[in-house]
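Q:
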Amino acid sequence: MENTTNTHPLVSVLMPVYNSAEYLEDALESILAQTLENFELIIINDGSTDGSLEILQTYAARDGRILLSSRKNKGIAKTRNELLNRINGQYIAIMDSDDIALPHRFAKQVAFLNRELDVVCVGGAFELLDDAGRMLTRFTAPTNDEEIQDLMLVGHTSIHHATAMIRRDSLMKVGGYPETMATVGDLDLFLRLGEIGKLANLTDTVLKYRQHMNSISALKHIQQIEDKRVACERAWERRGIKGHFEATEPWRPDATSISQHTFMLKYGWWAWNSRQRKTAAIYGMKAIKVKPFSLDGWKLFGCTLIKPFDNSKSGL
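Residue numbers (the working numbering): -12 to 303.
And the structure:
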């Protein structure tokens, strides 16, 4: 790609980067390989200390669509809003620095938004990877506005933030990300977007999302749930409705053995039902290591050794 800056991009891709050197090249390559080439990739290096900046500088020197700046750490919410102040595109694509966008992601989402003019934000299905890049499962989401918003109003973020493409004018109208919510500002954002237009998800897989298994502490779980509750309460008040909050279950393991065992089993069965035998065996062993006298981990591991695959999608 010739090193020239695109002053009229169709899509502005926003990528905050903080200590993502291990996965950063995969993320960047996935954006530069998009079949829709009319985009700008706006990156802020948020005070990384692990070599991320050097990787970013190398890529920025090669491709003029990359607009890179670097500064001291300010945190994810402030960085996202700072990125918003630099956009030139009609559509805004969210991209994390450790995920992998599938090649047709932008083309499919732009085509959808061009066709569905009342939709202000569209996400999509995604594959869940662990921190070693092993596939665990594929997540789909509701595609119609009513179901998406009903789930969000009880606390479930039914558009995965890393898959979102949003109309620029709509995002500016609702004022960007809430900087008082460090953990789940995306739910608050989507609820506000849903008050000025429709929300949607594609049935297509648009992203491979990398989940870092040990990055969320028990204290963070509590904060996440509380921030979701506040986002819902604010939406109920704005919409003049009486709501109830139900998203009280953690979505990642905490440091306790019970939580670790539960999630290792969950990830293992996800992998098994995705026909990832080796990955399922790895998580069976992880579960056994945490609770060696529980039969559940042994059952999972045993299935990976002797049980043939079938077409069932349910857990065993």
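Where a beta carbon is used, it is the ideal one built from N, C-alpha and C, also for glycine. All figures in this text were calculated on a predicted structure; none of them were measured in a lab.
Given SER244, which residues of its chain have a CB within under 7 Å of its CB, disregarding the five upstream and five downstream residues?
A: Along the sequence shown, one-based indexing puts residue 244 at 257. Closer than 7 Å at Cβ, skipping near neighbours: VAL277, LYS278.
Q: Look at the alpha carbon of SER(-1) and the alpha carbon of CYS290, and state the distance between them as a whole number of angstroms.
A: By one-based count along the sequence shown, residue -1 stands at place 12. By one-based count along the sequence shown, residue 290 stands at place 303. Approximately 46 Å between the Cα atoms of the pair.
Q: Pick helix, strand or coil for PHE232, following the three-state DSSP scheme.
A: Along the sequence shown, read from residue 1 onward, the residue named residue 232 stands at position 245. Residue state, collapsed to three classes: coil.
Q: Tell me which residues share the same chain as TYR46 and place their Cβ nearer than 7 Å to its Cβ, disregarding the 5 neighbours each side in the sequence.
A: Numbered from its first residue, the sequence shown carries residue 46 at position 59. Once the five neighbours on either side are set aside, the close Cβ partners of TYR46 are LEU15, ILE53.
Q: Give me the DSSP bridge partner(s) of GLU27.
A: Position 40 of the sequence shown holds residue 27. For GLU27, which the question treats as bridged, DSSP gives the partners SER(-1).
Q: Within 8 Å: the Cβ of ASP37 and any heavy atom of the ligand NAP?
A: Inclusion of the ligand NAP in the displayed structure is not the case, the ligand content being empty and no account of it being possible.
Q: Rounding to the nearest angstrom, what Cα-Cα distance links ASN6 and LYS160 in this structure?
A: Locating residue 6 in the sequence shown gives position 19, counting from the first residue. Locating residue 160 in the sequence shown gives position 173, counting from the first residue. So the two alpha carbons sit approximately 31 Å from each other.
Q: Do PRO129 and ASN68 have their C-beta atoms closer together than 9 Å?
A: For the purposes of this step, residue 129 is identified with residue 142 of the sequence shown, where counting begins at 1. For the purposes of this step, residue 68 is identified with residue 81 of the sequence shown, where counting begins at 1. No, the pair does not count as a contact, with Cβ atoms beyond the cut-off.
Q: Between ILE293 and ASP117, what straight-line distance do the alpha-carbon atoms span, to the nearest angstrom?
A: Taking the first residue of the sequence shown as position 1, residue 293 is located at position 306. Taking the first residue of the sequence shown as position 1, residue 117 is located at position 130. Between ILE293 and ASP117, the C-alpha separation is close to 24 Å.
Q: Is LYS215 helix, strand or coil when you go by DSSP?
A: Counting from one through the sequence shown, the residue named residue 215 turns up at place 228. In this structure, LYS215 counts as helix in the three-state DSSP scheme.
Q: Label ALA151 either buried or exposed according to how many other C-beta atoms from any shown protein chain fall within 10 Å of its C-beta, with 16 as the threshold for buried.
A: For the purposes of this step, residue 151 is taken as residue 164 along the sequence shown, with counting starting at 1. Classification of ALA151: buried, given that the 10 Å Cβ count is 16 or more.
Q: With a CB to CB cut of under 8 Å and the five nearest residues on each side skipped, what residues in its chain are close to PHE26?
A: Mapped onto the sequence shown, residue 26 falls at position 39. Around PHE26: ASN(-7), PRO(-4), LEU(-3), VAL(-2), SER(-1), VAL0, ILE18, ARG52, GLY76, ALA80, PHE93.
Q: Check the DSSP bridge columns for MET152 and list the partner residues they point to.
A: Here residue 152 refers to the residue found at position 165 when the sequence shown is read from its first residue. In the DSSP output, where bridge partners are listed per residue, MET152 has ALA80, VAL109.
Q: Please report the straight-line C-alpha distance between GLN263 and LEU123, rounded to a whole angstrom.
A: What you label residue 263 is simply residue 276 of the sequence shown in a count that begins at 1. What you label residue 123 is simply residue 136 of the sequence shown in a count that begins at 1. Cα-Cα distance, rounded: 7 Å.
Q: Would the stretch 175 to 188 count as touching the stretch 139 to 157 if we require 3 or more Cβ pairs under 8 Å?
A: yes
Q: Taking its Cβ as the centre, do 16 or more other Cβ atoms sit within 10 Å of ALA48, making it buried, or is it exposed?
A: For the purposes of this step, residue 48 is taken as the residue at position 61 of the sequence shown. Exposed, since its Cβ has fewer than 16 Cβ neighbours within 10 Å.
Q: Work out the CA separation of ALA267 and LEU70 for me, nearest whole Å.
A: The sequence position of residue 70 within the sequence shown is 83, counting from 1. The sequence position of residue 267 within the sequence shown is 280, counting from 1. Roughly 39 Å between the two C-alpha positions.
Q: Roughly how far, in whole angstroms, is the beta-carbon of GLN210 from the beta-carbon of THR235, given that I think they are within contact range, below 8 Å?
A: Here residue 210 refers to the residue found at position 223 of the sequence shown. Here residue 235 refers to the residue found at position 248 of the sequence shown. With 8 Å as the limit, GLN210 and THR235 do not qualify as a contact, their Cβ atoms being about 13 Å apart.
Q: What would DSSP say about ASP175, mapped onto helix, strand or coil?
A: Here residue 175 is taken as the residue at index 188 of the sequence shown, counted from 1. Of the three classes helix, strand and coil, the one that applies to ASP175 here is helix, per DSSP.
Q: Based on the DSSP output, what are the partners of ILE126 in its beta bridges?
A: Taking the sequence shown and counting its residues from 1, one reaches residue 126 at position 139. At residue 126 the sequence reads Phe, which differs from the Ile that was named. DSSP lists PHE113 as partners of PHE126.
Q: Would you list the one or two residues that DSSP bridges to TYR196?
A: Within the sequence shown, the letter at position 209 stands for residue 196. In the DSSP output, where bridge partners are listed per residue, TYR196 has LEU115.
Q: Extract the residue ranges of the beta strand (DSSP E) inside the stretch 32 to 84, only unbroken runs of 3 or more that lie entirely within it.
A: 53 to 58, 78 to 81
Q: Given a threshold of 16 other Cβ atoms within 10 Å of its Cβ, counted over all protein chains shown, does VAL109 qualify as buried or as exposed?
A: For the purposes of this step, residue 109 is identified with residue 122 of the sequence shown, where counting begins at 1. Flag for VAL109 reads buried.
Q: CB VAL141 to CB HIS199, shorter than 9 Å?
A: Numbered from 1 along the sequence shown, position 154 holds the residue referred to as residue 141. Numbered from 1 along the sequence shown, position 212 holds the residue referred to as residue 199. Not in contact: VAL141 and HIS199 (Cβ atoms no closer than 9 Å).
Q: Provide the residue(s) that pair with LYS185 in DSSP beta bridges, ordered along the chain.
A: Sequence index remark: in the sequence shown, residue 185 carries index 198 (1-based). Answer is VAL106, bridged to LYS185.
Q: Name the residue from PHE126, ARG221, ILE228 whose alpha carbon lies nearest to the alpha carbon of THR190.
A: By 1-based counting over the sequence shown, the position of residue 190 is 203. It is PHE126 whose Cα lies nearest to the Cα of THR190.
Q: Just mark PRO3 as buried or exposed, buried being the case when its beta carbon has 16 or more other beta carbons within 10 Å.
A: As a position in the sequence shown, residue 3 is number 16, starting the count at 1. PRO3 comes out buried.
Q: Whose C-alpha, out of TYR78, GLU9, ARG58, is nearest the C-alpha of LEU23?
A: In the sequence shown, counting from the first residue as 1, residue 23 sits at position 36. Here the closest residue by C-alpha is TYR78.
Q: Which of the three DSSP states, helix, strand or coil, is assigned to THR(-6)?
A: Here residue -6 refers to the residue found at position 7 when the sequence shown is read from its first residue. In this structure, THR(-6) counts as coil in the three-state DSSP scheme.
Q: Do ILE135 and GLY181 have their C-beta atoms closer together than 9 Å?
A: By one-based count along the sequence shown, residue 135 stands at place 148. By one-based count along the sequence shown, residue 181 stands at place 194. Result yes, Cβ atoms of ILE135 and GLY181 sit closer than 9 Å.
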